[in-house]
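Numbering (UniProt numbering), first residue to last: 1 to 317. Written below as structure tokens is the structure these notes are about.
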């Protein structure tokens, strides 16, 4: 179990460390990437030695983020010594990838907002009311006594924009919009971020046409899922938004995207209208939110589909 920290205690842990590794979660989205980069820049202003890592490929859609080139991916046999390991926006240790085996640090800190957090780190700052971990970063940077500049603001705005579904999801709260407004006052250009996030390369649309052909319904139409098999999978194609298509079909309660990233490794994303999909994700070692969750199943695509659909239909009964 983790020691739960206040925002002030979290800032103190960061202040006390000199060499810090910041880790984003696998299948990185704008929240984990923007949050890590904004904190990296704040800590560098305080004179800290900071490494940002993610054990996965980063979609080209995020190439506009200031500092995105700073991310490194550790090899499994690498060993890095640090004063503090900080895992950002990851509710379970498996979401951190290989960082636990590559980084040697006397203390681990997890900064997160997922209700399904498994309390795997030594120290935890958890705010389940936050719409995104980016909200936490905005407050944490202020607590560190660092002024948010335009680069940090761009990263934090992207974090909010991503986890709030362009500010249209139900987790968009008045506080979220107040922070977004403050970031605009710093100089963030929302149209530029929207264009960067929404404009799709031709390869993305070509992939989408193939994926939509896999659309399948189950449980009398309450479940709809799409699949990316090993032959279709391309690490350079951003597929995060594909789940929106089954999600908004009339009568669908749960939408799923299965993605075979290796022969025996399938990543799963789930979205629901009313069902708590985080409970299902947790049973497979994943986590997330009540209405949006994910996991990685160590199985080939057909077997992973069978396992997850069985668990999901038992919950729908």
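We put the beta carbon where it would ideally sit given N, CA and C, even for glycine. Computed from a predicted structure; not experimentally measured.
- The residue from 84, 94, 233 and 55 with its alpha-carbon nearest to that of residue 75 is 55.
- When DSSP reads this structure, residue 5 sits in no beta bridge, so it has no partner.
- Exclusion of the five residues before and after residue 153 leaves 183, 186 and 188 as the residues of its chain whose Cβ lies within less than 6 Å of its Cβ.
- At least 8 Å separates the beta-carbon of residue 65 from that of residue 22.
- Looking at the backbone, the Cα of residue 202 and that of residue 60 are separated by about 13 Å.
- The continuous beta strand (DSSP E) containing residue 270 extends over residues 265-272.
- Fewer than three beta-carbon pairs drawn from the segment 28-48 and the segment 96-108 are found closer than 8 Å, and the two stretches are therefore not classed as touching.
- Contact check between the segment 247-267 and the segment 88-95: fewer than three CB pairs, one atom from each, fall below 8 Å, which does not count as touching.
- The segment 225-235 and the segment 44-53 do not touch, with fewer than three beta-carbon pairs separated by less than 8 Å.
- With contacts defined by Cβ atoms closer than 8 Å, residue 156 and residue 84 do not form a contacting pair.
- Shown here for residue 296: same chain residues with a beta carbon closer than 6 Å to its own, the five before and five after excluded, namely 267 in chain order.
- Taking C-alpha positions only, residue 48 is separated from residue 94 by approximately 27 Å.
- Here the C-alpha atom of residue 276 lies approximately 20 Å from the C-alpha atom of residue 173.
- Annotation: the UniProt domain "DHHA1" (240-316) contains the following complete segments of the beta strand (DSSP E) (minimum length 3 residues), in chain order: 254-262, 265-272 and 292-297.
- In the three-state DSSP reduction, residue 45 falls in the helix class (H, G or I).
- In the three-state reduction of the DSSP assignment, residue 36 falls in the helix class.
- Residue pairing from DSSP leaves residue 195 without any beta-bridge partner.
- In chain order, 33, 37, 58 and 62 place their CB closer than 8 Å to the CB of residue 68, counting only its own chain and leaving out the 5 sequence neighbours on each side.
- By the beta-carbon neighbour count (other beta carbons within 10 angstroms, threshold 16), residue 161 is buried.
- With fewer than 16 other beta carbons inside 10 angstroms of its own, residue 101 counts as exposed.
- In the DSSP assignment, residue 227 falls within the beta strand (DSSP E) that extends over 223-228.
- Counting only unbroken stretches of 3 or more residues, the beta strand (DSSP E) elements lying wholly within the segment 133-219 are 216-218, in sequence order.
- DSSP places residue 21 inside the beta strand (DSSP E), whose first and last residues are 19-24.
- Straight-line measurement puts the Cα of residue 163 at about 23 Å from the Cα of residue 250.
- In this model, residue 176 and residue 114 are separated by some 16 Å (Cα to Cα).
- A straight line joining the alpha-carbon of residue 140 with that of residue 131 spans about 15 Å.
- Counting along the chain, the unbroken beta strand (DSSP E) around residue 87 starts and ends at 84-88.
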